[in-house]
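Undergrad:
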Amino acid sequence: MNTTTKCAATALAAALGVTVLAGCGSDEGPSGSGASKGSGSKTVTLVSHDSFNVSDDVLKAFTKETGYTVKTLKSGDAGAALNQEILTKGSPRGDVFFGVDNTLLSRALDNGLFTAYEAKGLDRVAPDTQTDEKHRVTPVDTGDICVNYDKKYFADKKLAPPQTFADLLKPAYENLLVTENAASSSPGLGFLLGTIAAEGEDGYEAYWKKLKANGVKVVDGWEQAYNEEFSGSAGGKKAKADRPLVVSYASSPPVEVLYADPQPKEAPTGVATGTCFRQTEYAGLLTGAKNEAGGKALLDFMISKTFQEDMPLNMFVNPVVKDAELPELFTQHGERVDTPPTVTPEKIAANREQWIQSWQSLVLK
Amino acid sequence: MAVAGPEVGVEKEAARPAGGGSGRRGAAVRLGLMAVPVAFFALFFAYPVTAIVGRGLKAEGDWQFGRIGEVLSRPDILDVLWFTTWQAFASTALTLLIALPGAYVFARFDFPGKQLLRAVVTVPFVLPTVVVGTAFLALLGRGGLLDELWGVRLDTTVWAILLAHVFFNYAVVVRTVGGLWSQLDPRQEEAARVLGAGRFAAFRRVTLPALAPAVAAAALMVFLFTFTSFGVVQILGGPAYSTLEVEIYRQTAQLLDLPTAAVLTLVQFAAVGGILAVHAATVRRRERALKLVDPAQTSRRPRGPGQWALLGGVLLTALLLILLPLGVLVERSLDGADGPGGYGFGYYEALQSVGAGGSSTFLVPPLEAVGNSLRYALVATLIALVIGGLAAAALTRRAGRLVRGFDALLMLPLGVSAVTVGFGFLITLDKPPLDLRTSWILVPLAQALVGVPFVVRTMLPVLRAVDDRLREAAAVLGASPLRAWREVDLPLVRRAVLVAAGFAFAVSLGEFGATVFIARPDNPTLPVAVARLLGRSGELNYGQAMALSTILMLVCAVSLLLLERIRTDRSGEF
């Protein structure tokens, strides 16, 4: 064998190796890869963020009802998932995108991500969530970002837990609150927007100066804040965490009950209902979807009673349709939050970057 | 059979440029060997990254290079650059300082549990940073060991970042440097001492020059990892510290500010390119053929109080820095599982079911993630071995600038943010026949991109250290180049191949950045499953996250241990 032959043989072997790899890979890899084909396809692809979750039975019901099978792709947190859709605009990976919220909605709409579609049953959906008159997006759920408190801490200290944004500035709550970086975390941003809604665009900077003086701690993400710093959570107890106030969700207390074994009679944490900011999550039909008919059917289904009643225990959010009932866990352990003051998506779009920058230089530096 | 070797019997420096053939034939061999890796990198790395950078720097078809100046004059960006650079230097220095004695001990001493320990110190390398952050806080933070003993808390200081970088990269130095050290013949140093050199002089003039390429390679890797550090800085540094990599992620994934992200990516490219150039120069100066021996002959039990103290010191460091944080994870995976205050396996049992939320489509039993991870990692390792092995074989044949450029190209994926590659995939691999955006193969491909540099870095020093006269001798005796490679190179580098495979496997197992963007929800990998569990409140979720992290640790440790076994069994053959 001479050198040329050797070289050819090596190349061949390498090529074979790669082919064999690809071949054996597809056997052991997940089945059913490849995008849905053609408009007559029976597969509808839903793109979402990591927190998306749905019961098996509910998806089966959809298939039985419409004949479409749902394939789901999840790609990072809410912001990253949306940005990936914007990047692939015109050649989307799926048919429907779920998970753009009111803090990011304008970015999706300005980029022309969605094709208008008025979902069937929209008349049952709470009117204040229907922000887009052109129906480019359909509201699916709402969730409240609120300060949670560790019940045991405040009982031991015989101290009343704070209830409002103004309460958080009181000396009694000095060095007790931990929140998330508004630049990188969705609840962190929600809390900042909550303070802007409550204190006004002119007042929020003064509020944060005082909050900083009162010892607010900022960590990068919800996981660290809730699991490492907050004394009321299961993780925090193990980590000997020492902050009894955390920015989390109104649904966190019921979840603490759900994922405890045995389940306690009462949630270990409570919600300061005057510190909330409401997030509404939307879904929309992606422009350039390969299966528009399937996508439309899926949007209809997402505001159906079946899907809406399944959401609370899977994604820990509230339904948007009037006829959906909350599970007992939520009614028993969750706090009712009346519609809190909010900031319109247009205002958020116009000011988000500037608010975050001024917040960063105010609080982080 | 035609003999394709060079002219025989010419006594020259071992470092002379040589290869399987002279002139045009040598070039043909190199080209052939390089074709596959080059195609792989062009398609799955250069193309996507160029596309995403181009998207950021082009407006209406024109390049906007003015943006580079704009971004680089922002004070916040300059802060990021300065912090990124100095912490990388500090972390690398600290890692070498702490890990080089470890490399020596693992290379030269025999002690019980050595294989196990070598596998365990590599475990941090594969753990998701979310989990490592948790473990490290337990060591340095509130109520942590330092706090209990001396009331010192480092969790919000830069020391936490530096020490976590040592924790992550300890194994890189121990394995890369230790691997070569254990194959250096100690008799060379002994000979120098017999000839009158002092202990230090003998080390400096005999061992150190031989070791230098490996030390440089290890330092380079550590520098790259810390320069591009992401999770550690995010979790332990908090929002106050930011590296280039963190900033690129934020600008791309969160803000979709592609121009700024593109400029930062180019800066990181330039920095990584600079480091690689320095490294290449260092290695070229120092490179020479080494006489490698079976590591079993070079290690022995420590003798004398000095050596025992050294061994003790290294073991203590490993215990405090690596075993303790890992132990915390294990403790938390057991703590409270059987009621408050009690220890038990409740969280592990819960891993087999989908949990209290009822049957959810995407909450597959977390235990399934183990199988997914192993499959992905196996495919990724095979890809990395084929691509990296061919590349290393091509690079062994020292030659002109082309090859050196190729060498640097292979390292670049380590210096590029996963989010840049991931988002690049999205906008490039979107047309048939390469619409891979929703395919599972992207996961091992992305993992292999990171694995290849390891394979090359681990195999290259050993391949280059093979005395060329051995190959020539084989050729004289009538062996074809392929046979010479099989009979001469392969046995000598088999150990390096296994080390490389171990690294590639471990890296794939723990890879998170790219996986999180690509992983299909019904097939989560272990790190992705851990992150999902940590993303929900509730005791069971937290406990299961810890249990799953412990399993990830075990899977990794067992895989590495098996590799060590294979290595020992085979090393007896030559």
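In the order they appear, the protein sequences are chains D and F. Heads up, the first sequence is in the numbering used here, so the first residue is 66 and it goes up one at a time. Heads up, the second sequence is in the numbering used here, so the first residue is 156 and it goes up one at a time. Note that beta-carbon positions come from the ideal geometry of N, C-alpha and C, so glycine has one too.
TYR259/F and TRP336/F look like a contact to me (Cβ under 8 Å); what is the Cβ gap, rounded to whole Å?
TA: The residue given as residue 259/F occupies position 104 in the second sequence. The residue given as residue 336/F occupies position 181 in the second sequence. About 7 Å; that satisfies the 8 Å criterion.
Undergrad: Under 8 Å between C-beta atoms, does ASP326/D make it to chain F?
TA: Taking the first sequence and counting its residues from 1, the one referred to as residue 326/D is at position 261. With 8 Å as the cut-off, ASP326/D counts as an interface residue toward chain F.
Undergrad: Beta carbon of LYS243/D, beta carbon of PHE162/D: below 8 Å?
TA: Counting from 1 along the first sequence, the entry for residue 243/D is found at position 178. Counting from 1 along the first sequence, the entry for residue 162/D is found at position 97. This sequence places Val at residue 243/D; Lys is not what is there. No, the pair does not count as a contact, with Cβ atoms beyond the cut-off.
Undergrad: Of all the CB atoms in chain F, is at least one closer than 8 Å to the CB of ALA76/D?
TA: As a working mapping, residue 76/D is identified with position 11 in the first sequence. Confidence at ALA76/D is low in this model, with a pLDDT of 42, below 50, so its placement is unreliable and the value that follows should be read with caution. With 8 Å as the cut-off, ALA76/D counts as an interface residue toward chain F.
Undergrad: For chain F, find out if any of its Cβ atoms is closer than 8 Å to the Cβ of VAL161/D; answer yes or no.
TA: Indexing the first sequence from 1 puts residue 161/D at position 96. No, VAL161/D does not count as interfacial toward chain F.
Undergrad: With DSSP as the reference, label TRP218/F as helix, strand or coil.
TA: Taking the first residue of the second sequence as 1, we reach residue 218/F at position 63. Strand.
Undergrad: With a threshold of 16 other CB atoms inside 10 Å of the CB of VAL307/F, please say whether the residue is buried or exposed.
TA: By 1-based counting over the second sequence, the position of residue 307/F is 152. Exposed, because fewer than 16 other Cβ atoms sit within 10 Å of the Cβ of VAL307/F.
Undergrad: For ASP585/F, which residues in chain D fall below 9 Å Cβ to Cβ?
TA: Numbered from 1 along the second sequence, position 430 holds the residue referred to as residue 585/F. Residues of chain D passing the Cβ test: THR153, SER156 and ARG158.
Undergrad: Residues in the same chain with beta-carbon distance under 7 Å from PRO157/D, minus the five sequence neighbours each way, listed in chain order, please.
TA: For this step, residue 157/D is matched to residue 92 along the first sequence. Only GLU150, LEU351, GLY353 and ALA354 meet the Cβ criterion.
Undergrad: Measure the alpha-carbon distance for PHE381/D versus ALA146/D and round it to whole angstroms.
TA: The residue given as residue 381/D occupies position 316 in the first sequence. The residue given as residue 146/D occupies position 81 in the first sequence. Computed Cα separation, rounded: 19 Å.
Undergrad: Taking the alpha-carbon positions, what's the SER250/D to LYS129/D distance?
TA: Stepping through the first sequence from its first residue, residue 250/D is reached at position 185. Stepping through the first sequence from its first residue, residue 129/D is reached at position 64. If you take the alpha carbons of SER250/D and LYS129/D, they lie about 38 Å apart.
Undergrad: According to a CB-to-CB cut-off of less than 7 Å, which residues of the segment 389-414 of chain F neighbour chain D?
TA: Listed by position, the residues of the segment 389-414 of chain F near chain D (Cβ gap below 7 Å) are GLN389, ILE390, GLY393, PRO394, ALA395, ARG405, ALA408, GLN409 and LEU411.
Undergrad: Where does the unbroken beta strand (DSSP E) through SER342/D begin, and where does it stop?
TA: Against the first sequence, residue 342/D aligns to sequence position 277. Sequence check: residue 342/D is Phe here, not Ser. It spans 334-351 - the beta strand (DSSP E) in which PHE342/D sits, taken as one unbroken run.
Undergrad: What residues match up with THR180/D in a beta bridge as DSSP calls it?
TA: Position 115 of the first sequence, counted from the start, is the residue given in the question as residue 180/D. LEU350/D.
Undergrad: Please go through the same chain and pick out, in chain order, the residues whose beta-carbon is closer than 6 Å to the beta-carbon of LEU309/F, but skip the five residues on each side of it.
TA: Reading the second sequence from its first residue, position 154 is the one you call residue 309/F. Cβ neighbours of LEU309/F beyond the five flanking positions: LEU295 and ALA315.
Undergrad: I want to see whether chain D comes within less than 8 Å of ASP490/F, judged by CB atoms only; does it?
TA: As a first step, residue 490/F is located in the second sequence; it is residue number 335 there, counting from the start. By this cut-off, ASP490/F is an interface position.
Undergrad: Taking 8 Å as the CB-CB cut-off, is GLY94/D touching chain F?
TA: The sequence position of residue 94/D within the first sequence is 29, counting from 1. Only weak support is given to the placement of GLY94/D: the predicted model assigns it a pLDDT of 35, under 50, and the value that follows is read from those uncertain coordinates. Yes, GLY94/D counts as interfacial toward chain F.
Undergrad: With distances taken between CB atoms, is the gap from GLY497/F to GLY491/F smaller than 8 Å?
TA: Here residue 497/F refers to the residue found at position 342 of the second sequence. Here residue 491/F refers to the residue found at position 336 of the second sequence. Yes, the pair counts as a contact, with Cβ atoms nearer than the cut-off.
Undergrad: Would the C-beta of ALA278/D count as close to the ligand NAD, meaning under 7 Å from any of its heavy atoms?
TA: Absence of the ligand NAD from the depicted structure is noted, as is the absence of any ligand whatsoever, leaving it without description.
Undergrad: Which residue's Cα is closest to the Cα of GLY335/D: VAL135/D, THR194/D and TYR214/D?
TA: To locate residue 335/D, count along the first sequence from 1; it is residue 270. Taking only the C-alpha atoms, the option nearest GLY335/D is TYR214/D.
Undergrad: For VAL295/D, write down the residues that DSSP places opposite it in a beta bridge.
TA: Taking the first sequence and counting its residues from 1, the one referred to as residue 295/D is at position 230. Per the sequence presented here, residue 295/D reads as Phe, with Val not at that position. Answer is ARG308/D, bridged to PHE295/D.
Undergrad: By the 10 Å Cβ neighbour count, where 16 or more other Cβ atoms means buried, how is SER426/D classified, buried or exposed?
TA: For the purposes of this step, residue 426/D is taken as residue 361 along the first sequence, with counting starting at 1. Classification for SER426/D: exposed.
Undergrad: My output table needs one value for LYS136/D: the three-state DSSP class, helix, strand or coil.
TA: What you label residue 136/D is simply residue 71 of the first sequence in a count that begins at 1. Three-state result, LYS136/D: strand.
Undergrad: In whole angstroms, what separates the C-alpha of LEU716/F from that of THR277/F?
TA: Translated into positions along the second sequence, residue 716/F becomes position 561. Translated into positions along the second sequence, residue 277/F becomes position 122. Computed Cα separation, rounded: 10 Å.
Undergrad: Residues of chain F with a CB under 7 Å from the CB of GLU411/D: which are they?
TA: Counting from 1 along the first sequence, the entry for residue 411/D is found at position 346. Per Cβ cutoff of 7 Å: no residues; GLU411/D is ~19 Å from chain F at best.
Undergrad: Is ASN292/D close to chain F? Criterion is C-beta to C-beta, closer than 8 Å.
TA: For the purposes of this step, residue 292/D is taken as the residue at position 227 of the first sequence. Output row for ASN292/D: interface = yes.
Undergrad: Just to confirm the assignment, what range does the alpha helix (DSSP H) spanning LYS282/D have?
TA: Working through the first sequence from its first residue, we reach residue 282/D at position 217. Element bounds for LYS282/D: not the alpha helix (DSSP H) but the beta strand (DSSP E), 282-284.
Undergrad: Examine chain D for any beta-carbon lying closer than 8 Å to the beta-carbon of THR516/F, and answer yes or no.
TA: Within the second sequence, numbered from 1, the residue matching residue 516/F stands at position 361. With a pLDDT of 49 at THR516/F, under the threshold of 50, the predicted position of this residue should be treated as unreliable, though the coordinate-derived value follows. So yes, THR516/F belongs to the interface.
Undergrad: Looking at LEU506/F and GLN699/F, is the spacing between their C-beta atoms short of 8 Å?
TA: The residue you call residue 699/F lines up with position 544 of the second sequence. The residue you call residue 506/F lines up with position 351 of the second sequence. Yes, the pair counts as a contact, with Cβ atoms nearer than the cut-off.
Undergrad: Since ARG229/F meets chain D, which of its residues come closer than 9 Å, beta carbon to beta carbon?
TA: Here the question's residue 229/F lines up with position 74 in the second sequence. Correct list: empty, because the minimum Cβ distance to chain D is about 11 Å.
Undergrad: Run the CB neighbour count on GLY174/F, radius 10 Å, all protein chains shown included, and call it buried at 16 or more, exposed below.
TA: Stepping through the second sequence from its first residue, residue 174/F is reached at position 19. Any reading at GLY174/F is ruled out, since the residue's pLDDT is 41, under 50, leaving its predicted position unreliable.
Undergrad: Could you give the residue range of the beta strand (DSSP E) that holds VAL243/D?
TA: To locate residue 243/D, count along the first sequence from 1; it is residue 178. Residues 242-245.
Undergrad: Specify, as a first and last residue, the run of the beta strand (DSSP E) that PHE162/D falls within.
TA: Residue 162/D sits at position 97 when you count from the first residue of the first sequence. Here the beta strand (DSSP E) through PHE162/D covers 161-166.
Undergrad: Sorted by chain position, which residues of the same chain lie with C-beta nearer than 7 Å to ALA639/F's C-beta, five sequence neighbours on each side aside?
TA: By one-based count along the second sequence, residue 639/F stands at place 484. The residues are ARG626, ALA629 and ALA630.
Undergrad: Please state whether DSSP places ASN527/F in a helix, a strand or coil.
TA: Numbered from 1 along the second sequence, position 372 holds the residue referred to as residue 527/F. In this structure, ASN527/F counts as helix in the three-state DSSP scheme.
Undergrad: Could you work out which residues of chain F lie near VAL212/D, taking near to mean beta carbons separated by less than 9 Å?
TA: In the first sequence, the residue the question calls residue 212/D occupies position 147. Result: empty, since nearest Cβ-Cβ is about 14 Å, beyond 9 Å.
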